[in-house]
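Comments concern the structure below.
Number of protein chains: 2
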Amino acid sequence: MAPGFPTVGVIGGGQLARMMQQPAIALGIGLRVLATSMQESAAQVVRDVRIGRHDVLDDVLAFAEGCDVITFDHEHVPTEILRALEDAGRAVRPGSAALAHAQDKIVMREALTAAGMPCPRWAHAQNVDDAVAFGDAVGWPVIAKTSRGGYDGRGVWVLDDAAGVQDLFASTQLADGVRWLMEERVDFVCELSAQVARSPHGQAVAYPVVRTVQTDGICTEVVAPAPGLGDEQAVEAQSIALTVAGALDVVGMLAVEMFQTSDGRVIINELAMRPHNSGHWSIDGAVTSQFENHLRAVLDLPLGNPSLVAPHAVMVNVLGGDKPDMYYGYLHTMARDPGLHVHMYGKDVRPGRKNGHVTAVGDDLDELLTRAHHAADYFTGVIDE
Amino acid sequence: MAPGFPTVGVIGGGQLARMMQQPAIALGIGLRVLATSMQESAAQVVRDVRIGRHDVLDDVLAFAEGCDVITFDHEHVPTEILRALEDAGRAVRPGSAALAHAQDKIVMREALTAAGMPCPRWAHAQNVDDAVAFGDAVGWPVIAKTSRGGYDGRGVWVLDDAAGVQDLFASTQLADGVRWLMEERVDFVCELSAQVARSPHGQAVAYPVVRTVQTDGICTEVVAPAPGLGDEQAVEAQSIALTVAGALDVVGMLAVEMFQTSDGRVIINELAMRPHNSGHWSIDGAVTSQFENHLRAVLDLPLGNPSLVAPHAVMVNVLGGDKPDMYYGYLHTMARDPGLHVHMYGKDVRPGRKNGHVTAVGDDLDELLTRAHHAADYFTGVIDE
């Protein structure tokens, strides 16, 4: 590296760390990745890979040695390790206090409620009786979540009645420190995501609010900007995300996943304090991508422009199917659609796994949706031509 | 890497190889780099670095082992090594026969003349008498070039008269296989570059023709599309580049640098068979960048869309100045211009060295020129604010 350029250490070797490497190359900054194997997605594409575990203190401390700032591919680093890094004088961004809200959904609900942010009705259920009382109060069905450790739809259940609560609680052994969060089931017309980048000294930028489609708990389609969302609602959603970022002192990217209700309200569903699947469109569709702005934010550099470069961008995840070789699909998809942006994560194909994504950017939303879904379906093997 | 995905071996570890890594990450393909040290620009950003020399046969053969295709960061690999790779059954793209035209300017002039392409008047001067006779015939001053090994203005002289020829020839010891090329000095109004990507089975795409500005033999500014170039002239320049690519059987990116004369003709100056400085704007300003299309072409994948994503793109090279730390300049340049695209190459700063480039993309060409030059000048240290 050239003199004066910093090194960012990323804990976790998944596709989010992988996609940070592209702007790291452009900015001339070093990217070091803590991965569990050299075959992990990000470990394939950076020079400076350290093998170790995110939940082993010595591994993380050794990894951080020589990094100018530490950030994350995921939110699973235990709080005591985050604090030990901070106690050792490391710049941890986002910090342990902020990350606690992305790691524990009850901590998040408490903080959001205290900040006056719109949440579904919720309760910490210490036992079956608490959970049943909550359901009786807000109306069945209700949502039960484990407070920690869930992602991509895991750790979330819909419960129809008291018997459902009893079955779930009886069949689920919670790990230490994990609690039951009960939430009202929100009747939503669509799901939105509002992303912001925020730097340590408080500069923040808001990306266009997007519409997300979840299938079986996995994000499958993102449209930027969210179709049909009025200016006023879009500004409200962006304001909520900016307020949350400030209230929780988030540094880096923050995604606020929201429900839009039929009566036009938005209600916060989940938070993620890192680049997020709902912002992958920004690599090809925004002036400055979420990955570049994450790096800029954690380095306390001025933030880049989050605006769209065209009227619409559509991102569709490429899920694994029965074909082990997705490269073969390049011949068809690239010949059919020379303007399509293909992103693959270097992972073995497994059914339902996020193996990559495709993005189409342009003027005609219907056409972009058709193009992106066609390519993703072709890679997955849903269609053959 | 995922099953079925190929590895591209790039000989040379400069910034062109470095910038191939970003689309290699997106496409999920492996990039292996042959570098002379781990500190080289590309060696900093890929996992699979091999240390060796491009002009040592055993180094190159060992490097190629396990690569699906071999391509280049520069044109300095000796022909006999290229042929040995081909004889060993390696896919070398572009191949030795095509590359000979980018390596030897007399071979290039012969082939372009045979193909009916517009060249300045030229001659191979075996001695001083030949060179003086050429100058007397076409009119002084004339251009003298070494047939091999020149770049960024090196190996090129302007000679005013017979005495100048005598001085140059007396003071210059040509290496084995290097010859004197004499060329008419073309009275040009501006310099253009026409880039095309071409695949082994003959698919080709043409990028918008750009205007380049050279300062002391180094490309310093590129504007896409070339301002004031008529549609007819642009199509003519693109047609020339496509014809050259086909006639010389180029695979990968080809840049045809041209002079535009005051009477509206275009005349070929130089060829480069790799991504080229005149196409760096395409990373941020085209749907598919020259680096992605180079990879697609050498892998015989369908080519991507070379169109601009906005009316104009301006690229300005960041040359080294007196400040050793360019990172410090990020605070000013990014705060002033959140939409600027910064690309740094990881090199120590040296006066006049290409340390990076900046690109601005948008509607107002004058504004883009101001923004890009301001940032580049600030990094170099020409201006302070």
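Chains A and B, in that order, give the protein sequences.
Each residue of the first sequence is one higher than the last, beginning at 7 in the working numbering.
Each residue of the second sequence is one higher than the last, beginning at 7 in the working numbering.
Even glycine gets a Cβ: it sits at the ideal position worked out from N, Cα and C.
Check whether residue i and residue j have beta carbons under 8 Å apart
i        : j        : result
A:VAL75  : A:ALA103 : no
B:VAL250 : B:GLU189 : no
B:ALA203 : B:VAL215 : no
B:VAL272 : B:ALA230 : no
A:ASP64  : A:ALA23  : no
A:GLY352 : B:ALA210 : no
B:ALA247 : B:SER284 : no
B:ASP61  : B:VAL83  : yes
B:ASP167 : B:TRP146 : yes
B:GLY368 : B:ALA303 : no
B:THR267 : B:PHE194 : yes
B:PRO344 : A:PRO29  : no
Those residues which DSSP pairs with residue i across a bridge
i        : result
A:ALA278 : A:ALA261
A:TRP128 : A:GLU189
B:PHE394 : In the structure as shown, chain B starts at 7 and stops at 391, and residue 394 of chain B therefore has no counterpart that could be examined.
A:HIS349 : A:HIS363
A:VAL162 : A:LYS151
B:ILE289 : None, per the DSSP bridge assignment.
Which of helix, strand or coil DSSP assigns to residue i
i        : result
A:ASP354 : coil
B:ASP54  : strand
B:ALA48  : coil
A:GLU197 : strand
A:VAL6   : Given that chain A is displayed from residue 7 to residue 391, the structure contains no residue 6 of chain A and the question cannot be resolved.
A:THR85  : helix
B:GLN266 : strand
B:ALA121 : coil
A:ARG271 : coil
A:ALA203 : strand
B:MET7   : coil
A:MET26  : helix
A:ALA181 : coil
B:ASP331 : coil
A:GLU71  : coil
B:VAL256 : coil
Unbroken alpha helix (DSSP H) run spanning residue i, endpoints
i        : result
B:THR339 : 335-342
B:ALA97  : That residue, B:ALA97, is in no alpha helix (DSSP H); it is neither H nor E in DSSP.
B:SER102 : 102-109
B:ILE389 : Careful: B:ILE389 lies outside any alpha helix (DSSP H) and carries neither H nor E.
B:LEU309 : No alpha helix (DSSP H) holds B:LEU309; DSSP gives it neither H nor E.
A:THR249 : 237-253
B:ALA168 : 168-177
B:LEU139 : Correcting the residue identity first, residue 139 of chain B is Ala in this sequence and not Leu. 134-144 is the span of the alpha helix (DSSP H), which, as asked, contains B:ALA139.
Endpoints, the beta strand (DSSP E) within which residue i is located
i        : result
B:MET321 : 318-325
A:GLY368 : 360-368
A:ILE224 : 224-230
A:VAL216 : 216-221
A:ARG38  : 36-41
A:ALA303 : Where A:ALA303 is concerned, there is no enclosing beta strand (DSSP E), although the alpha helix (DSSP H) it sits in stretches over 296-304.
A:ALA212 : 210-212
Handout entry: Near-chain B residues of the segment 260-282 of chain A - C-beta to any C-beta below 9 Å
Key = Result list empty, no residue passes.
Exercise for the section: Using a Cβ-Cβ cut-off of less than 9 Å, give me the residues of the segment 64-79 of chain A that come near chain B, in sequence order. Expected result: Correct list: empty, as no residue qualifies.
Practice task
For the segment 102-134 of chain B, enumerate the residues whose C-beta is nearer than 9 Å to any C-beta of chain A, in chain order.
Solution key: Here the close residues number zero.
Problem - Residues from the segment 51-65 of chain A in contact with chain B, defined by Cβ distance under 8 Å - result: Cβ contacts with chain B: VAL51, VAL52, ARG53, VAL55.
Handout entry: Members of the segment 347-368 of chain B that neighbour chain A once the beta carbon cut-off is set at 9 Å
Key = Of all residues in the segment 347-368 of chain B, only HIS347, VAL348, HIS349, MET350, TYR351, GLY352, LYS353, ASP354, VAL355, ASN361, GLY362, VAL367 place a beta-carbon less than 9 Å from a beta-carbon of chain A.
Handout entry: Interfacial residues, the segment 20-34 of chain A to chain B, with Cβ spacing under 7 Å
Key = For chain B, the residues of the segment 20-34 of chain A that bring a beta carbon within less than 7 Å of one of its beta carbons are ARG24, GLN27, GLN28, ILE31, ALA32, LEU33, GLY34, in chain order.
Problem - Residues from the segment 376-389 of chain B in contact with chain A, defined by Cβ distance under 9 Å - result: From the segment 376-389 of chain B, no residue has a Cβ closer than 9 Å to chain A.
Exercise for the section: Please name the residues in the segment 323-345 of chain A whose beta-carbon is closer than 7 Å to at least one beta-carbon of chain D, in chain order. Expected result: The question asks about chain D, but that chain is absent: this structure's protein chains are A and B.
Exercise for the section: Closer than 7 Å, Cβ to Cβ, to anything on chain B: give me those residues from the segment 213-233 of chain A, in chain order. Expected result: Answer set for the segment 213-233 of chain A: empty.
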